[in-house]
Amino acid sequence: MLILITYDVNTETAAGRTRLRKVAKQCVNYGTRVQNSVFECILDNTQMIKLKAILTDIIDEQTDSLRFYNLGNKHTTKVDHVGVSKGIKVEEPLIF
């Protein structure tokens with residue numbers, strides 16, 4: 093399934109900047125950055141649960157935010173893009 097992950101991490105402190113780097117690093121391990129704090133990830137349910145737990149452990153829920161948008165398995169009809177593409181070519185096989 094295609095999962096769109098977005099995050100907003102408070103970077104006013106050194107700890108916040110560290111959290112931001114950790115969140116981005118984990119997201120890169122699972123998907124493709126399409127904008128600064130936005131990743132497209134092709135995940136199965138087990139991977140989704142694992143990544144959500146990892147990211148939740150990293151952030152400070154009092155100052156940071158995570159959003160997970162499940163676009164499902166039929167995502168080709170749900171993604172419309174204009175301009176330079178940095179995302180996953182969802183029509184082609186993905187090899188990791």
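Going by our numbering, the sequence shown opens with residue 93, and the numbers climb by one from there.
For each residue, glycine too, the CB sits at the ideal point set by N, CA and C.
So residue i and residue j are supposed to be a Cβ contact under 8 Å. How far apart are they, rounded?
i	j	result
residue 101	residue 115	6 Å
residue 151	residue 111	6 Å
residue 143	residue 122	5 Å
Between the Cα of residue i and the Cα atoms of the options, which residue gives the shortest distance?
i	options	result
residue 104	176, 163, 165, 156	156
residue 108	98, 139, 127, 154	154
residue 126	158, 96, 159, 162	96
residue 99	93, 135, 161	161
residue 158	134, 118, 93	118
Let's test the definition: count the other Cβ atoms within 10 Å of the Cβ of residue i and tell me whether it reaches 16, buried, or not, exposed.
i	result
residue 164	exposed
residue 188	Residue placement at residue 188 cannot be trusted, given a pLDDT of 49 that sits under 50; what the coordinates show is reported in the next sentence. Residue 188 should be labelled exposed.
residue 113	exposed
Per DSSP, which residues does residue i bridge with? Please list them.
i	result
residue 127	130
residue 162	95
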